[in-house]
Each structure stands twice: as C-alpha cells, then as structure tokens.
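One structure below.
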Amino acid sequence: MKKGRANIAGNRLEWLLTLPSMGWLLFFFAVPTVLILVMSFKPANAYGGFGEGWTLKAWIDMGHPSYPLIVWRTIWLSLLTTIICIGFALPAGFLLGLIRSKWRNILLLLVIVPFWTNFLIRVFAWKVLLHPLGYLKRALMLVGLASDETLLLYNEWAVLLVMVYTYLPFAILPIYAASEKFDYSLLDAARDLGASASKAFWLVFVPGIQRGLMAAVAMVLIPALGSYIIPDMVGGPSGEMIGNMIARRVFNDRNWPHAAALAGLLMIVTLAPVLVAFFTEKQHAAGATREGGGEAE
Amino acid sequence: MNEFLVFEGVTKRYGDFYAVRDVTFEVRQGEIFALLGPSGCGKTTLLRMLAGFIEPDAGRILVDGKDVTGIPPDKRPVNTVFQSYALFPHLTIRDNIGFGLKMARRGKAEIAAEVDRMLDLVDLVEHADKKPDQISGGQKQRVAIARALVNKPRVLLLDEPLAALDLKLRQRLLVELDEIHDEVGITFLYVTHDQTEAMAISDRIGVMNRGRVAQIGAPAEIYESPVDSFVAAFIGDTNFLEGRVIERLGDEYSLVAIEAMGEIRVYNDREISPGDEIHLSLRPEKLSIQTSAPAATDEARNAIEGTVEDVIYLGALTRYWVRTGERRLAVERQHSRFLLDEKPPTWGDKVWVRWRADDGYLLRDFAPEHAEMLSLPAETE
Ligand SMILES: Nc1ncnc2c1ncn2[C@@H]1O[C@H](COP(=O)(O)OP(=O)(O)O)[C@@H](O)[C@H]1O
Ligand SMILES: [Mg+2]
Numbered sequence: 032m033k034k035g036r037a038n039i040a041g042n043r044l045e046w047l048l049t050l051p052s053m054g055w056l057l058f059f060f061a062v063p064t065v066l067i068l069v070m071s072f073k074p075a076n077a078y079g080g081f082g083e084g085w086t087l088k089a090w091i092d093m094g095h096p097s098y099p100l101i102v103w104r105t106i107w108l109s110l111l112t113t114i115i116c117i118g119f120a121l122p123a124g125f126l127l128g129l130i131r132s133k134w135r136n137i138l139l140l141l142v143i144v145p146f147w148t149n150f151l152i153r154v155f156a157w158k159v160l161l162h163p164l165g166y167l168k169r170a171l172m173l174v175g176l177a178s179d180e181t182l183l184l185y186n187e188w189a190v191l192l193v194m195v196y197t198y199l200p201f202a203i204l205p206i207y208a209a210s211e212k213f214d215y216s217l218l219d220a221a222r223d224l225g226a227s228a229s230k231a232f233w234l235v236f237v238p239g240i241q242r243g244l245m246a247a248v249a250m251v252l253i254p255a256l257g258s259y260i261i262p263d264m265v266g267g268p269s270g271e272m273i274g275n276m277i278a279r280r281v282f283n284d285r286n287w288p289h290a291a292a293l294a295g296l297l298m299i300v301t302l303a304p305v306l307v308a309f310f311t312e313k314q315h316a317a318g319a320t321r322e323g324g325g326e327a328e
Numbered sequence: 054m055n056e057f058l059v060f061e062g063v064t065k066r067y068g069d070f071y072a073v074r075d076v077t078f079e080v081r082q083g084e085i086f087a088l089l090g091p092s093g094c095g096k097t098t099l100l101r102m103l104a105g106f107i108e109p110d111a112g113r114i115l116v117d118g119k120d121v122t123g124i125p126p127d128k129r130p131v132n133t134v135f136q137s138y139a140l141f142p143h144l145t146i147r148d149n150i151g152f153g154l155k156m157a158r159r160g161k162a163e164i165a166a167e168v169d170r171m172l173d174l175v176d177l178v179e180h181a182d183k184k185p186d187q188i189s190g191g192q193k194q195r196v197a198i199a200r201a202l203v204n205k206p207r208v209l210l211l212d213e214p215l216a217a218l219d220l221k222l223r224q225r226l227l228v229e230l231d232e233i234h235d236e237v238g239i240t241f242l243y244v245t246h247d248q249t250e251a252m253a254i255s256d257r258i259g260v261m262n263r264g265r266v267a268q269i270g271a272p273a274e275i276y277e278s279p280v281d282s283f284v285a286a287f288i289g290d291t292n293f294l295e296g297r298v299i300e301r302l303g304d305e306y307s308l309v310a311i312e313a314m315g316e317i318r319v320y321n322d323r324e325i326s327p328g329d330e331i332h333l334s335l336r337p338e339k340l341s342i343q344t345s346a347p348a349a350t351d352e353a354r355n356a357i358e359g360t361v362e363d364v365i366y367l368g369a370l371t372r373y374w375v376r377t378g379e380r381r382l383a384v385e386r387q388h389s390r391f392l393l394d395e396k397p398p399t400w401g402d403k404v405w406v407r408w409r410a411d412d413g414y415l416l417r418d419f420a421p422e423h424a425e426m427l428s429l430p431a432e433t434e
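So the protein sequences, as listed, match chains W and U. In terms of this note's numbering, the numbers along the first sequence are unbroken and rise by one, the last being 328. In terms of this note's numbering, the numbers along the second sequence are unbroken and rise by one, the last being 434.
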C-alpha cells in the first residue's frame with residue numbers, strides 16, 4: 032500500500048518535472064508540425080506565398096516520377112547507416128562497459144572529441160579528403176585500390192561514409208550507457224551454462240542492453256532520414272535525399288506547399304519505426320505488469 | 054575411483070601475490086565438500102579455475118580422471134551457482150532454468166519436461182512464468198540452483214550461495230540444499246566463509262588460509278583436532294595455552310607448565326619430550342566450572358582455581374571469563390536445567406575450572422596473530 036502511495040506522489044512530481052519539456056515540445060515541435068501540415072494543403076502562388084482556399088495539389092505532386100527513387104534512397108541509406116553504426120557501436124559499447132580503468136574515460140573522450148569541432152567543418156574536411164585530388168584517393172591509388180577514374184566524392188557511398196562517421200557517437204553513447212549498468216557476470220553465467228562467447232553476447236548481453244540499443248537506433252535512424260547537409264555537400268546529384276528535395280522546393284521553386292508535403296512525407300517515413308517501437312515496448316511493459324505478482328516467499 | 058575431482062598443485066598468481074598456492078586435494082564422488090576460509094583466502098579463485106574462467110599458472114584439475122585445464126567454461130562438465138545468483142533478467146524463471154538445455158540443443162519437449170521436474174524439485178512451479186525481479190531472494194537462489202542442476206553436471210559449484218540471505222532463510226535453505234543433494238546425488242563443491250554453514254552441510258571440509266589448504270577432514274575432525282592455531286580459531290572459539298613440557302607421565306600424558314597459569318596434564322596427541330614448547334587448544338565447552346573445590350584429582354583431570362570476571366548469558370548456555378593467575382579462560386556452560394534451579398556461578402565468584410587432559414588438543418603450528426580471531430584474544434602486556 033505504502034509503495035503504491037509513494038508511486039502516486041512520485042508520478043505527480045514526474046509530471047511537474049516534465050511540464051517544461053512538454054511546453055517546449057508543444058511550441059517548438061507540435062505547433063510547427065501542424066503549421067507545416069496545414070501549409071501542404073494550400074495552393075502555391077507565383078511569388079513564393081500561398082493562394083486562397085484548399086487543395087490536394089501538393090500531395091498529388093508527390094507522384095512525381097523522380098520521387099520514388101529519392102524516397103527509396105533516403106530509406107536505404109539511412110537504414111544502412113543505422114546498421115553499420117550499430118555494428119560498430121555494439122562491440123564498442125560492450126568494451127567501454129567492460130573496462131574498469133582510466134582507459135574507459137580516455138576512450139569515451141575519443142568518442143566525444145569530434146563534437147568539439149563544428150559539424151560543417153567536419154563534413155567539409157571529408158569533402159577535402161574524398162576530393163578527386165585529395166589525400167585519400169591518392170593514397171588508395173598508391174596501393175592500387177583506386178584508379179584515376181574512381182570517384183570517391185559525389186555519390187551515395189560518400190553520403191553513407193560521412194553519415195556513418197557523423198552518427199556513430201550517437202549510437203555508441205546510449206549503448207555504452209546501457210552496458211555500464213549491465214551486469215557482466217551474467218555472461219559468466221551464460222558461458223557456465225554452455226553458451227559460446229558469441230551466444231552469450233547475442234542471447235544475454237544484447238537483450239540486457241535492449242533499451243540502449245533502441246535508443247541508439249532512434250538516435251541514428253531519425254536524423255539520418257532527415258539528412259540535408261551531408262548529401263548536399265558530398266552526395267552530388269546521385270546522392271540526393273528527401274532533405275535536399277525539400278530545400279530545393281523552398282529555395283529554388285519557392286513552392287512552400289510542395290516543400291511542406293515533402294516534409295510531411297518524411298515525417299511519415301520517420302514516425303513509422305518510432306511508432307512500431309513504441310507500441311511493441313508498451314505491449315512488453317503491459318505484459319510484465321500483468322504477470323507481476325507478490326514478492327512474498 | 055574415489056578421487057573424482059582432483060586439484061594437483063594448483064597455483065594462481067597476480068603479480069607477486071599468490072591468490073592460490075600449490076593447492077592439492079581430492080573430492081569424492083557424491084559428497085558435499087566445503088571450501089571454508091576467510092574472505093580473500095582464494096576460494097572463489099579456486100572455484101573459477103575449476104569452472105574455467107581463470108586458468109591456473111601451475112598445476113592441473115581433473116574431473117573424473119580427465120584433465121579439464123585449458124577447456125573453455127562452456128565445455129566443462131561442471132555448473133556454478135553464483136553468489137549474486139546471476140539470473141538472466143530478461144528471461145522467465147522457466148527460460149532461465151531451461152537455458153543450459155537450450156544451449157545443449159535438446160528437444161523442446163525434453164527441455165519442458167526437465168524444467169518442470171526442476172521447478173518441482175525446488176518448489177517454484179507457481180512462479181515459473183515470472184521474471185527474476187518478481188521473486189524473493191530465497192526463490193532466486195533456488196532458481197539459480199535449479200538452473201545449474203538441470204544440466205546434470207559432474208560437479209555442482211556453489212560460491213557462497215546463501216551469503217546474501219538472512220539467518221533464518223539461510224538455515225532453511227541449507228536444509229533444502231542438503232535434501233536436494235540427497236535426491237540428485239551430484240558432487241557438490243561448496244564455498245563459504247561461514248564455519249557453521251560448512252559444518253552443517255558438508256561431508257568433508259577443506260579449510261583455506263592465504264591461498265593454501267590448511268587442513269582437510271570431516272567437520273568433527275577439523276573441530277576437534279585442528280592442526281594449527283588458524284584452523285582452531287577459525288572453526289570455533291578456543292583457549293590457546295602456551296607451555297613447556299616438564300616430564301612424561303606414562304605413555305599417554307605429560308606434565309606441562311603453562312605460562313602464567315600453572316602445571317597441567319595434557320594428552321600426548323603427538324610425540325613430545327621434556328623441554329619441548331607446546332601450544333594447546335582448549336575448547337570452552339570442554340571446560341566445566343564449579344564453585345566448590347573438587348575432590349582429589351585423578352591423573353587425567355586438571356583443575357585450576359580462578360575468579361569469574363565476566364558472565365555472558367546466551368540462553369542455551371552461558372559463557373564465563375575466568376581469571377586464573379595472569380590469564381583468562383573462556384568457559385561455556387550448557388543450561389540443561391531451569392536456570393533458577395541451577396544456581397550458576399556469577400561475577401566475582403571463586404571457582405574451579407576442570408577438564409579432562411584428553412580434551413585439549415596439541416597444535417602442530419601456532420601463530421600469535423590467530424589469537425586475534427577469538428572472541429576474547431589473549432591480553433597483551
Ligand atoms: N583479478 C585479480 N587481480 C588481482 N588480485 C586478485 C584478482 N582476483 C582476486 N584477487 C585477489 O586474490 C585473493 C583471493 O580472492 P578470492 O578468490 O576472490 O577470495 P575469496 O573468494 O576466498 O574471498 C584476494 O586477495 C583478491 O584480492
Ligand atoms: Mg569469494
């Protein structure tokens with residue numbers, strides 16, 4: 032009983048504490064989102080503004096023949112970025128959580144150090160590196176892995192490379208945060224019960240840091256889907272993503288309703304995985320409470 | 054045939070520090086063998102070398118005649134009950150218990166049947182579908198035991214399995230563990246720092262001190278005939294008496310001058326001759342206390358006069374500190390009768406402490422620092 036009452040008090044406090052961030056979300060996320068959606072149902076006028084009345088034209092224009100390709104590229108580039116980032120972040124987070132010496136802080140610092148340099152500068156640095164006359168290509172040519180015709184810049188692979196580079200810390204940090212709380216003796220228990228090292232990793236460690244893993248996926252996948260600067264700087268025409276389309280509609284065509292509809296489309300693509308994750312998690316939690324019972328011996 | 058589990062000169066070093074040093078002993082098939090020793094003496098290190106998490110720097114470990122050193126933990130025929138339970142939090146109790154069988158790629162139906170049998174054995178049938186954080190500490194412990202036992206290991210390793218539980222629950226689980234052992238007949242290697250636990254459950258005990266095995270024997274052997282002052286003090290309370298042999302009294306007894314106390318008779322537990330320095334361990338419950346002077350003492354009895362300095366009433370028994378000359382003796386007296394009818398000695402009483410010469414035990418080795426482990430260490434001047 033006591034515990035229940037404490038929970039209610041705790042909940043109220045939690046509500047009060049979340050109020051400011053709720054307000055923030057309302058004014059800087061919910062309101063602009065609704066505005067964008069409303070815009071997408073207005074007609075455009077020739078001067079970059081809105082016409083009178085309502086229309087579905089912007090949404091019908093989504094059927095533009097060049098769009099499916101770009102939407103598809105946005106999705107697969109983002110998914111691949113996420114998979115590669117998680118692929119690096121899982122072992123990295125595992126080791127960071129395991130190390131108990133001063134090395135942990137040194138390695139963590141190395142993960143965070145890129146944030147000390149401006150994002151644009153870092154992407155620009157990649158542009159220099161990947162440039163047809165850049166160091167990377169010359170080095171690759173020297174060892175015979177690239178020829179004069181090889182293009183490192185202005186394609187999908189350049190976008191993928193720079194996205195993985197950019198988002199990797201966002202995958203490592205939540206996984207590290209979860210592994211730091213993970214009880215590594217569970218892996219001994221798994222080995223003791225006959226699990227190989229890799230089975231222990233996949234069947235005990237990964238489920239044990241599940242929340243961190245989900246957070247890492249969200250932290251990489253969602254910004255990746257909305258990428259604009261990276262494909263703009265290193266992608267070229269064959270590396271364009273939805274973000275670039277939106278920018279083009281706004282800056283070149285000055286067609287705000289069309290840009291708004293594209294933004295709506297991006298939102299749908301982005302929200303789908305989040306909603307799926309949210310509902311499976313919720314079911315999970317509901318299942319646990321239903322099974323929950325007495326603590327009594 | 055009897056030597057089922059063998060440690061042969063097993064050594065583990067961390068830098069210059071020996072966590073386990075040249076340990077050699079055998080465990081018989083089907084017995085409960087307790088490794089007993091103070092925290093930090095190397096018990097866990099020894100157990101983890103058997104489980105395969107640590108490789109010894111020297112020596113080998115044989116299970117059923119087969120050298121297991123160098124084999125990874127998942128391939129060894131032993132299972133461990135970890136002190137912290139180490140249950141998988143994302144799996145139900147049922148799936149926790151079935152984990153080992155799943156790793157061994159056993160059939161679904163077979164796993165279900167085996168798990169059900171285990172749930173029944175540890176009395177957890179109605180909790181089968183809960184998660185570990187929904188059950189109590191005692192229940193977690195039983196899950197940990199079932200999860201290990203279901204794999205039918207050749208040896209079950211238990212690392213302080215009850216240390217995290219409160220006293221009453223510990224005592225109850227100890228009995229349960231004993232019953233489970235009777236039922237499954239698997240060899241248990243039981244690590245603990247609690248001597249009452251070790252004595253209650255094990256067939257034999259190996260007492261460890263600073264990485265070495267000090268003595269191996271049945272609980273009564275260890276308690277009654279400790280080889281040195283460490284074992285004597287660790288396994289229970291005792292009085293340490295230091296003295297010098299004056300003369301032999303026939304084959305069985307010798308006359309000994311105890312420092313600051315007087316002359317007493319001791320049983321010749323080993324060959325001693327006049328002039329030898331000896332150390333005697335005298336358990337408090339072997340001493341009796343009385344307020345009247347004893348009648349003439351026979352050859353095999355000692356009687357020392359003293360004054361009661363302290364009385365500690367413990368319900369079933371009372372512990373007395375009796376001053377005799379310049380030293381104190383701990384004496385325990387059982388209350389077999391209603392206390393008021395007994396008229397026990399009390400503070401300041403002049404008393405006689407008596408014991409049979411056979412009831413002391415001559416230690417092979419003695420180190421003064423072990424007296425610090427007693428509830429009333431020797432006074433230092
Ligand atoms: N990885 C290690 N590095 C250095 N010293 C260790 C390590 N593991 C254990 N030790 C030391 O070895 C000794 C024995 O440890 P342990 O086997 O855990 O003792 P017990 O289980 O008997 O309490 C302790 O003094 C401990 O500090
Ligand atoms: Mg230990």
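Glycine included, every Cβ here is placed at the ideal spot set by N, Cα and C.
Less than 8 Å between the CB of residue i and some heavy atom of ligand 2, yes or no?
i, result
"valine 244 (chain U)", "yes"
"aspartate 247 (chain U)", "no"
"glutamate 213 (chain U)", "yes"
"serine 132 (chain W)", "no"
"glutamine 136 (chain U)", "yes"
"serine 92 (chain U)", "yes"
Would you kindly report the start and end of the unbroken alpha helix (DSSP H) that includes residue i?
i, result
"histidine 234 (chain U)", "220-237"
"asparagine 149 (chain U)", "146-156"
"methionine 70 (chain W)", "62-70"
"threonine 245 (chain U)", "Here threonine 245 (chain U) belongs to no alpha helix (DSSP H); instead the beta strand (DSSP E) covers 240-245."
Quick check on this structure: which residue in the options has the alpha carbon closest to the alpha carbon of residue i?
i, options, result
"phenylalanine 241 (chain U)", "U:Leu226, U:Leu210, U:Leu218, U:Val266", "U:Leu210"
"isoleucine 311 (chain U)", "U:Asp169, U:Ser278, U:Val364, U:Glu295", "U:Glu295"
"leucine 340 (chain U)", "U:Gln387, U:Lys205, U:Gln194, U:Tyr366", "U:Gln387"
"alanine 78 (chain W)", "W:Ile299, W:Phe201, W:Val281, W:Gly239", "Residue identity differs from the one stated: residue 78 (chain W) is tyrosine in this sequence, not alanine. Answer by Cα proximity: W:Val281."
"arginine 129 (chain U)", "U:Val404, U:Arg66, U:Ala201", "U:Ala201"
"tyrosine 333 (chain W)", "W:Ile261, W:Leu293, W:Phe146", "Only positions 32 to 328 of chain W appear in this structure, which leaves residue 333 (chain W) out of reach."
"glutamate 211 (chain W)", "W:Arg131, W:Met245, W:Gly175", "W:Arg131"
"leucine 256 (chain W)", "W:Leu296, W:Leu204, W:Trp147", "W:Leu296"
"asparagine 286 (chain W)", "W:Asp92, W:Leu47, W:Pro51", "W:Asp92"
"arginine 323 (chain U)", "U:Ala369, U:Gly359, U:Gly413", "U:Gly413"
"phenylalanine 287 (chain U)", "U:Met426, U:Ala348, U:Phe86, U:Val384", "U:Met426"
"leucine 415 (chain U)", "U:Leu220, U:Thr360, U:Lys221, U:Phe293", "U:Phe293"
"phenylalanine 60 (chain U)", "U:Val203, U:Thr98, U:Leu177", "U:Thr98"
"alanine 181 (chain U)", "U:Glu422, U:Ala313, U:Thr145, U:Asp418", "U:Thr145"
"aspartate 110 (chain U)", "U:Ile150, U:Ile188, U:Asp173, U:Tyr67", "U:Tyr67"
Tell me whether residue i counts as near ligand 1, meaning its Cβ is closer than 8 Å to at least one heavy atom of that ligand.
i, result
"lysine 96 (chain U)", "yes"
"phenylalanine 86 (chain U)", "no"
"methionine 172 (chain W)", "no"
"alanine 267 (chain U)", "no"
"valine 63 (chain U)", "no"
"glycine 264 (chain U)", "yes"
"tyrosine 67 (chain U)", "yes"
"leucine 210 (chain U)", "no"
"alanine 157 (chain U)", "no"
"phenylalanine 70 (chain U)", "yes"
Who pairs with residue i in a beta bridge, going by DSSP?
i, result
"lysine 461 (chain U)", "For residue 461 (chain U) there is no data in the structure shown, the boundaries of chain U being 54 and 434."
"alanine 75 (chain W)", "W:Phe81"
"isoleucine 106 (chain W)", "Paired residue(s): none; isoleucine 106 (chain W) is not in a bridge."
"lysine 119 (chain U)", "U:Val116"
Go to residue i, then tell me how far its beta strand (DSSP E) extends in each direction, as first and last residue.
i, result
"asparagine 333 (chain U)", "The question names asparagine, yet the displayed sequence has leucine at residue 333 (chain U). Residues 330-335."
"isoleucine 134 (chain U)", "Reading off the sequence shown, one finds valine at residue 134 (chain U), where the question assumed isoleucine. Taken as a continuous stretch (DSSP letters only), the beta strand (DSSP E) holding valine 134 (chain U) covers 131-134."
"threonine 377 (chain U)", "370-377"
"glutamate 274 (chain U)", "Glutamate 274 (chain U) -> not in any beta strand (DSSP E); alpha helix (DSSP H) instead, spanning 272-277."
"serine 165 (chain U)", "What sits at residue 165 (chain U) in the sequence shown is alanine, not serine. No beta strand (DSSP E) contains alanine 165 (chain U), which is instead part of the alpha helix (DSSP H) from 161-174."
"valine 303 (chain U)", "Reading off the sequence, residue 303 (chain U) comes out as glycine, not valine. No beta strand (DSSP E) contains glycine 303 (chain U), which DSSP labels as neither H nor E."
"glycine 62 (chain U)", "56-67"
Legend entry - Any 3 or more C-beta pairs closer than 8 Å across the stretch 260-269 of chain U and the stretch 283-292 of chain U: yes
Inset, instruction - Tell me, please, whether the stretch 100-109 of chain W touches the stretch 269-284 of chain W by the rule of three or more beta-carbon pairs shorter than 8 Å. - result: yes
Inset, instruction - Report yes or no: do the stretch 226-246 of chain W and the stretch 144-161 of chain W share at least 3 C-beta pairs separated by less than 8 Å? - result: no
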